[in-house]
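J.: Residue numbers (our numbering), protein chains in the order written: chain H, 73 to 292; chain A, 73 to 292.
There are 2 protein chains.
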Amino acid sequence: MARSSRPALNPDRVLSAAVALADERGIESLTMRRLAHELGVVPMALYKHVAHREALLDGMIEIVFGEIEPPAIGGDWKAALRRRAVSTREALTRHPWAVGLMEGRTEHGPANLRLHDAVLGCLRAAGFSVEMAVHAYSVQDAYIYGFALQQRDMSPESAADFADVAQRQMVEYQAVLADYPHLVEVVGGYVAESGYDYAAEFLFGLDLILDGLDRLRLDG
Amino acid sequence: MARSSRPALNPDRVLSAAVALADERGIESLTMRRLAHELGVVPMALYKHVAHREALLDGMIEIVFGEIEPPAIGGDWKAALRRRAVSTREALTRHPWAVGLMEGRTEHGPANLRLHDAVLGCLRAAGFSVEMAVHAYSVQDAYIYGFALQQRDMSPESAADFADVAQRQMVEYQAVLADYPHLVEVVGGYVAESGYDYAAEFLFGLDLILDGLDRLRLDG
DNA sequence: CACTCTAGGTGTACGGCGTACACTTGTCAA
DNA sequence: TTGACAAGTGTACGCCGTACACCTAGAGTG
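(1) Assuming H/Ser159 is part of the alpha helix (DSSP H), what are its boundary residues?
(2) Helix, strand or coil, according to DSSP, for A/Ile216 in the structure here?
(3) Give the interface partners of H/Tyr262 over in chain A, defined as CB-CB distance under 8 Å, in chain order.
(4) Tell me which residues share the same chain as A/Gln222 and place their Cβ nearer than 8 Å to its Cβ, disregarding the 5 neighbours each side in the sequence.
(5) Skipping 5 residues on each side, what residues in its chain have a beta carbon closer than 7 Å to that of H/Ala108?
(6) From the beta carbon of A/Leu192, is the nearest beta carbon of chain H less than 8 Å away?
(7) Looking at chain A, is there any beta carbon in it that lies within less than 8 Å of the beta carbon of H/Thr276?
(8) Of all the CB atoms in chain A, is at least one closer than 8 Å to the CB of H/Phe137?
(9) Output yes if chain H places a C-beta closer than 8 Å to the C-beta of A/Gly131; else output no.
(10) Three-state secondary structure (DSSP) at A/Pro143?
(11) I'd like to know if H/Ala214 contacts chain A, where contact means its C-beta is closer than 8 Å to some C-beta of that chain.
(12) Report yes or no: do the region 251-259 of chain H and the region 83-101 of chain A share at least 3 C-beta pairs separated by less than 8 Å?
(13) Looking only at its chain, what residues have a beta carbon closer than 7 Å to the beta carbon of H/Ala74, apart from the 5 residues adjacent to it on each side?
(14) Can a CB atom of chain H be found closer than 8 Å to the CB of A/Glu273?
(15) Measuring only between beta-carbons, confirm whether A/Gly199 sits less than 8 Å from chain H.
(16) Give me the chain H residues within the contact set of A/Glu126, using Cβ-Cβ distance strictly less than 8 Å, ordered along the chain.
(17) Where H/Val86 and H/Ile135 are concerned, what is the direct C-alpha to C-alpha distance, given to the nearest angstrom?
(18) Does the CB of H/Ile281 have a neighbour CB from chain A at under 8 Å?
(19) Per the contact definition of three or more C-beta pairs closer than 8 Å, is the region 139-152 of chain A in contact with the region 175-192 of chain A?
(20) Comparing alpha-carbon positions, which option in H/Asn184, H/Lys120, H/Tyr217, H/Asp269 lies nearest H/Trp169?
(21) Given that H/Arg154 touches chain A, what residues does it touch there, using C-beta distances under 8 Å?
(22) Which residues in chain H sit within 9 Å of A/Asp269, going by Cβ to Cβ distance?
(23) Closer than 7 Å by C-beta to A/Ile133: which residues in its own chain qualify, once you throw out the five before and the five after it? Chain order, please.
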């Protein structure tokens, strides 16, 4: 029954088509109907391969987790965790739709569990107490996902819309700009000139956190 | 035309009803139709007071920003920013639906702008260079919103579902648990016993970051 | 070989969503 | 008294996820 010309569907093909569609068109464009259309198939055909939309998202998230490089356990913990953080930000930059979906899943796939385990193992091997490992994990992940969240929300559309938005708000801007002098100085001045390098900005906060953790490593 | 018994609709009443509904039933339950029903009105009536659903969300976000205590400029900067961070987390705990919506808006209300301006002003008054103020802002907000994101996603539903999920996954757990020894030690051991205090956990990372910034204050 | 079983693709239909558009109706200014 | 206008209504459209019944090509079995 496979339409002879088409390569035949399976869960993996559905999943990667879904990831590709979300990457290219945004998560709000990922509907079962559009995904089916993309695969040259009728919407209901998808349900032979994924239970429902939510399960589709679970699988997509697991793909993203699979792209994150787990830290080595037992070596230079700071370098390992730094690489893992950078790797996570890169994955979330490739797949911005994943931010805000990854943390909340009730289904934890093996890639997810493997990564969590490796980070905790890395921290324990570095000499962090169990209690401190929890703290360290918490602060790192909050920062990483929070940064990715900010980047997603400020990043491309806002940059594209910038001229439009700026123009539309210019009239009221002129009126109220005096109320926000520091915003003017920092955003209107510095950022407008020097720009905003996400990768560099990310490393600033990351190193601040890792250095802070290093100092506390043997206290907990 | 106001249905004589009802207090008459206006944008503020619509907005606070929307916030209340999202708080109580979750953002996915906030549909124009349900909100209208809640207000004893037909769905289309809402459109006399808000342009569309997206504008409704803009207004709701502005309410949340209004609940965040802006830092005082010129006093003890660390204490002021600490309070602001705590105040932000509290607002996002009251309104979990706001996480992930606040950063991305293209419409910036006065409460939003005022808060941003105050934080930047506080940093500048503390002696941070413009460049360092950007870094400092970035790392703080990434952490704050990231923490709120994690809290939202782990927090109440997952806690409620915990028994269910644990039970359902127990059978495969037994099989694969050996693959994740550190997860077992930290989550199965420490966390299961000592629990997880969000407020305390938040302060750990927050103070780590603020102390780190203090050290860098005059370098940039 | 004939036969059944079944995995995978189809078509139809339902209830819910946001909202465009045309309408009624209560209020008040002139 | 009138007539304009703001606020609420009713209907309808095109999306969405997905339940359910159906078809059909090919693999497995006697």
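Backbone N, C-alpha and C fix where the C-beta goes; we use that ideal spot for every residue, glycine too.
T.: Based on what the coordinates show:
(1) 149-166
(2) helix
(3) Val202, Glu203, Val206
(4) none
(5) Val114, Pro115, Ala117, Leu118
(6) yes
(7) Residue identity check: residue 276 of chain H is Phe in the sequence provided, not Thr. It does: the Cβ of H/Phe276 has a partner Cβ on chain A nearer than 8 Å.
(8) no
(9) no
(10) coil
(11) yes
(12) no
(13) In this predicted model, H/Ala74 has a pLDDT of only 43, less than 50, meaning its place in the structure is not dependable; the value taken from the coordinates is given anyway. Answer for H/Ala74: Ala80, listed in chain order.
(14) yes
(15) no
(16) Ordered by position in chain H, no residue passes the 8 Å Cβ test against A/Glu126, which lies about 12 Å from the chain.
(17) 12 Å
(18) yes
(19) yes
(20) H/Tyr217
(21) Neighbours of H/Arg154 on chain A: none; closest Cβ ~15 Å, over 8 Å.
(22) What A/Asp269 touches in chain H: nothing, since even the nearest Cβ is about 11 Å away.
(23) Ala170, Leu173, Met174, Arg177
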